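Those letters in the sequence shown? Residues -21 to -1, 1 to 437, by mature numbering (1 follows the signal peptide of the UniProt record, and there is no 0). Here a beta-carbon is modelled for each residue, glycine too, at the ideal position from N, C-alpha and C. Keep in mind it's a predicted model, so treat the numbers as computed, not measured. In what follows, a single structure is set out as structure tokens and then discussed.
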Amino acid sequence: MAFGVAARLALLFALATCAVAGVTSEYRRKLEATVDMPLDADVFRVPSGYNAPQQVHITLGDQTGTAMTVSWVTANEEGSSTVRYGRSAEKLEQAAEGRHARYDYFNYTSGFIHHCTLTGLSHATKYYYAMGFGHTVRTFSFTTPPLPAPDAPFKFGLIGDLGQTFDSNSTLAHYEANGGDAVLFLGDLSYADNYPLHDNRRWDSWARFVERSVAYQPWIWTAGNHELDFEPSLGETVPFKPFVHRYPTPYRAAGSTEPFWYSVKVASAHVIVLASYSAYGKYTPQWAWLQQELTKRVDRKVTPWLIVLMHSPWYNSNNYHYMEGETMRVQFERWLVDAKVDLVLAGHVHSYERARRFSNIEYNIVNGKATPAPNRDAPVYITIGDGGNIEGIANNFTAPQPAYSAFREASFGHATLEIKNRTHAYYAWHRNHDGAKAVADAVWFTNRYWMPTDDDHV
Ligand SMILES: [Fe+2]
């Protein structure tokens, strides 16, 4: 009898140990270097028609989606910057006038890059929009997000470090099959800078590649290191030049002073975008903005889900880019824990990792408490820089797996985050090697403000 109890206790202990041990998935199918799709690939095709608008993409034009900024490129001549839009494809009753600009990068001159913000939109409404008037007109559509409200459901796609390889194409196709309403993009878009002279034609091809999704739903942009294009040897000393010319963000509406850090309020989510490659030390503009944002502008009664995006992860147990996010973590982690942030999403590391709710905020340089510890107020950190870019997979995890790391795998993929209401959100990661619907890692998150349960022991 006594032995039976002991055995049962041992079994329970083993199960409990199992329940909290992290998983380093051994799943492997392909580890060879990935290659970019050739410039004459179908996905890069220039739309037919003289001066046809190409590289069409949209992002929120204000914080909540009653404005949408439409961007596109014309290659032959300037053309019109007008967008016509309305609730019926046959009747585009409203018009907005945009602006255009070109930029030079060493020996490259861009096409005419147009940006036009449509304002006065209603929430949760489908709009059709068209541009290219005077030459070749193309028509697209999008649905605005619902009015920010605590139980407004919404489905985000999470994609990072996408690039333009065959694997990138697989990632995007899988995301499309899983059908999100908007993408939280974790930085590193085109990887044009991997080419000699930062061949900016690869910025153009990337935008043509992703048009099939981003012309129809807003992508929320985070700036990664591959957006820097800082190359003094080419005389290119202004960081982010191609990125800022091509990808506007609604930073002014968010009270920010630079396009690299800002926030949006989508349905029941307040999404904060941070800039890993802009100053964030004490007293800097980003530091001051984030302090105000977290203490004054976040309202969990309206937008219960508080999500932070950044490029370089704070919790990364891969040797690739190991500890690069550490200085920003030291600067901001306590603020995020105090604010009970639900999720921190990052890219940069080309593999997948999900953390438990841990924090490392007790250390004060003299007390020796430098080990991350469980903390129910802490966010879950997800590294999802696994979009499939040309640099290949990061298959070199630290050993042993640290206690905070719940699941990690060196595969390409994407994730979806389905917010159901103020208390529950279903998160799922999909590796590209499986069908789009197959789930390789999933967890139900409970909201840190409305239902702060232990939701990370899965
Ligand atoms: Fe990166």
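Under 7 Å from any heavy atom of ligand 1, does the C-beta of ASP208 make it? On the sequence shown, position 229 is the one that residue 208 refers to. Checking the Cβ of ASP208 against ligand 1 gives no.
Quick one: measure Cβ to Cβ for HIS329 and HIS153, integer angstroms, because I've assumed they're closer than 8 Å. Your numbering for residue 329 matches position 350 in the sequence shown. Your numbering for residue 153 matches position 174 in the sequence shown. Not confirmed; about 17 Å, so no contact.
Name the one or two DSSP bridge partners that LYS134 has. Within the sequence shown, the letter at position 155 stands for residue 134. GLU397.
Could you check if HIS327 belongs to the surroundings of ligand 2, using beta carbon to heavy atom distance under 7 Å? Looking for ligand 2 in the displayed structure turns up nothing; the ligands present are ligand 1.
Relative to the C-alpha of SER67, which residue among TYR262, PHE119, GLY366 is closest? What you label residue 67 is simply residue 88 of the sequence shown in a count that begins at 1. Nearest of TYR262, PHE119, GLY366 to SER67, Cα basis: PHE119.
Integer-rounded CB distance, given that THR425 should sit under 8 Å from THR402: The residue labelled residue 402 in the question sits at position 423 within the sequence shown. The residue labelled residue 425 in the question sits at position 446 within the sequence shown. Going by Cβ atoms, the distance from THR402 to THR425 rounds to 6 Å, so yes, they are a contact pair.
Going by the DSSP bridge assignment, what does TYR106 pair with across the sheet? One-based indexing of the sequence shown puts residue 106 at position 127. Answer by DSSP bridge pairing, in chain order: PHE121.
Between THR104 and the rest of its own chain, which residues show a CB-CB distance below 8 Å, the 5 nearest in sequence each way excluded? For the purposes of this step, residue 104 is taken as the residue at position 125 of the sequence shown. Same-chain partners within the cutoff: ARG66, THR122, THR123.
Quick one: is GLN265 buried, meaning 16 or more other Cβ sit within 10 Å of its Cβ, or exposed? One-based indexing of the sequence shown puts residue 265 at position 286. Around the beta carbon of GLN265, a 10 Å sphere encloses 16 or more other beta carbons of the protein chains shown; the residue is thus reported as buried.
Beta-bridge pairing of ALA297 - partner residues as DSSP gives them: Here residue 297 refers to the residue found at position 318 when the sequence shown is read from its first residue. Contrary to the premise, residue 297 reads as Asn rather than Ala in this sequence. BP columns for ASN297 point to PHE376.
Proximal residues to TRP314 (C-beta, below 8 Å), its chain only, five neighbours per side dropped: Along the sequence shown, one-based indexing puts residue 314 at 335. LEU269, GLN270, LEU273, listed in sequence order.
Residues near SER50 by beta carbon distance below 6 Å, same chain, minus five either side: Stepping through the sequence shown from its first residue, residue 50 is reached at position 71. For SER50, where only same-chain residues beyond five positions count, the Cβ hits under 6 Å are HIS36, HIS94.
How many Å lie between THR98 and VAL52 at the Cα? Locating residue 98 in the sequence shown gives position 119, counting from the first residue. Locating residue 52 in the sequence shown gives position 73, counting from the first residue. Cα to Cα, THR98 sits roughly 21 Å from VAL52.
What are the complete beta strand (DSSP E) segments, minimum 3 residues, inside the segment 266 to 335? Complete beta strand (DSSP E) runs here, min 3: 284 to 288, 322 to 325, 331 to 334.
Tell me whether ASN204 counts as near ligand 1, meaning its Cβ is closer than 7 Å to at least one heavy atom of that ligand. By one-based count along the sequence shown, residue 204 stands at place 225. Because some heavy atom of ligand 1 lies under 7 Å away, the Cβ of ASN204 counts as near it: yes.
PRO351 by DSSP, collapsed to three states: which one? Position 372 of the sequence shown, counting from 1, holds the residue named residue 351. In the structure shown, the three-state DSSP call for PRO351 is coil.
What ranges does the beta strand (DSSP E) occupy inside the segment 1 to 51, keeping only unbroken runs of at least 3 residues that lie completely in it? The DSSP assignment places complete beta strand (DSSP E) segments of no fewer than 3 residues inside the segment 1 to 51 at 33 to 39, in order along the chain.
8 Å contact criterion, which THR150 and HIS393 should meet: CB distance rounded: By 1-based counting over the sequence shown, the position of residue 150 is 171. By 1-based counting over the sequence shown, the position of residue 393 is 414. Right, their Cβ atoms sit about 5 Å apart.
Can you grab the Cα-Cα spacing for the pair GLY(-18) / ARG336, in whole Å? Along the sequence shown, read from residue 1 onward, the residue named residue -18 stands at position 4. Along the sequence shown, read from residue 1 onward, the residue named residue 336 stands at position 357. Bear in mind that a pLDDT of 49 at GLY(-18), under 50, signals an unreliable position, so the model cannot answer this.
Taking the straight line between their C-alpha atoms, what separation do you get for VAL316 and SER59? The sequence position of residue 316 within the sequence shown is 337, counting from 1. The sequence position of residue 59 within the sequence shown is 80, counting from 1. Roughly 48 Å separates the two Cα atoms.
Inter-residue CB distance, SER255 and SER291 (contact presumed, cutoff 8 Å): Mapped onto the sequence shown, residue 255 falls at position 276. Mapped onto the sequence shown, residue 291 falls at position 312. Sure, about 4 Å apart at Cβ, within 8 Å.
Taking all protein chains shown into account, do 16 or more other C-beta atoms lie within 10 angstroms of the C-beta of ARG231, making it buried, or fewer, making it exposed? Counting from 1 along the sequence shown, the entry for residue 231 is found at position 252. Exposed: under 16 other Cβ atoms inside 10 Å.
Extent of the continuous alpha helix (DSSP H) to which TYR259 belongs: Counted from its first residue, the sequence shown places residue 259 at position 280. Here TYR259 belongs to no alpha helix (DSSP H), and DSSP marks it neither H nor E.
Where does TYR170 fall in DSSP's three states? The residue you call residue 170 lines up with position 191 of the sequence shown. TYR170: coil per DSSP, three-state reduction.
On the DSSP bridge assignment, give the partners of SER67 in chain order. Taking the sequence shown and counting its residues from 1, the one referred to as residue 67 is at position 88. BP columns for SER67 point to LYS70.
If we ignore side chains and look at the alpha-carbon of each, how far apart do ALA407 and VAL2 end up? By 1-based counting over the sequence shown, the position of residue 407 is 428. By 1-based counting over the sequence shown, the position of residue 2 is 23. Each residue's alpha carbon lies about 16 Å from the other.
Does the contact criterion of 3 or more C-beta pairs under 8 Å hold for the segment 161 to 170 versus the segment 130 to 142? Yes, the segment 161 to 170 is in contact with the segment 130 to 142.
Check for me: the beta strand (DSSP E) holding PHE91 runs from which residue to which? Position 112 of the sequence shown, counted from the first residue, corresponds to residue 91. Where PHE91 is concerned, the enclosing beta strand (DSSP E) stretches over 91 to 97.
Just confirm the distance between the C-beta atoms of HIS114 and ASP167, as a whole number of angstroms; I'd bet it's less than 8 Å. The count along the sequence shown starts at 1 and reaches residue 114 at position 135. The count along the sequence shown starts at 1 and reaches residue 167 at position 188. About 33 Å; that fails the 8 Å criterion.
Quick one: grab the DSSP three-state call for TYR154. Along the sequence shown, one-based indexing puts residue 154 at 175. Residue state, collapsed to three classes: helix.
Member of GLU210, VAL418, ALA357, GLY366 whose CA lies at the smallest distance from the CA of ASP434: Sequence index remark: in the sequence shown, residue 434 carries index 455 (1-based). It is ALA357 whose Cα lies nearest to the Cα of ASP434.
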